[in-house]
């Protein structure tokens, strides 16, 4: 759990009779980042617990990948292998063989590895446990797709 942007401010209410603002309390706001493995049961428990609060927080559920660097490296390896396979097909059609790569370059991955599926807490404000189960079944973080463009020049003889 990581908390940032904690703010505390007075909450006041205007009194028409006195013409003054009266202090009614304090408002606390914070952004929190909670990371946990994808688990439908855990998400359901979390959402049902939020439903029971008298003043539920606003939150958004987003999905990403664990070990992003490992996945980026695997993506680059796959892109290179794909480029080599295509170079071999082209070389074979010219009765040649690929000998070595002369140049390989790529643009760094600047895209986040995140799912298009997300969930905003305002969707459950007036829900019950049955609706929560339906919401959780709707979430599908299996749509994470990225492509890498790799430029490769191979020598064929």
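Numbering (my numbering), first residue to last: 186 to 342.
Cβ coordinates follow ideal geometry from the N, Cα and C atoms, glycine included.
Chain-order list of residues whose beta-carbon lies under 7 Å from that of residue i (same chain, five-residue window excluded)
i	result
residue 227	221
residue 190	215 and 216
residue 195	208 and 211
residue 263	none
Cβ neighbours of residue i in the same chain (closer than 8 Å, five flanking residues each side left out)
i	result
residue 283	269, 272, 273, 276, 339, 340 and 341
residue 286	269, 337, 338, 339 and 340
residue 288	336, 337 and 338
residue 317	229, 232, 233, 236 and 309
residue 186	217, 218 and 219
residue 279	341
Where residue i sits in the DSSP three-state scheme
i	result
residue 201	coil
residue 329	coil
Contacting residues, own chain, Cβ-Cβ under 6 Å from residue i (five flanking each side not counted)
i	result
residue 244	306
residue 206	197 and 199
residue 241	235
residue 213	193
Opposing strand residues paired with residue i [DSSP bridges]
i	result
residue 208	197
residue 288	338
residue 303	247
residue 188	217
Chain D within 8 Å of residue i, Cβ atoms only
i	result
residue 307	Looking for chain D here will not work: only one protein chain is present.
Identify every run of the alpha helix (DSSP H) within the segment 216 to 282, keeping only runs that are complete inside it and at least 4 residues long; order them along the chain. 225 to 236 and 253 to 278
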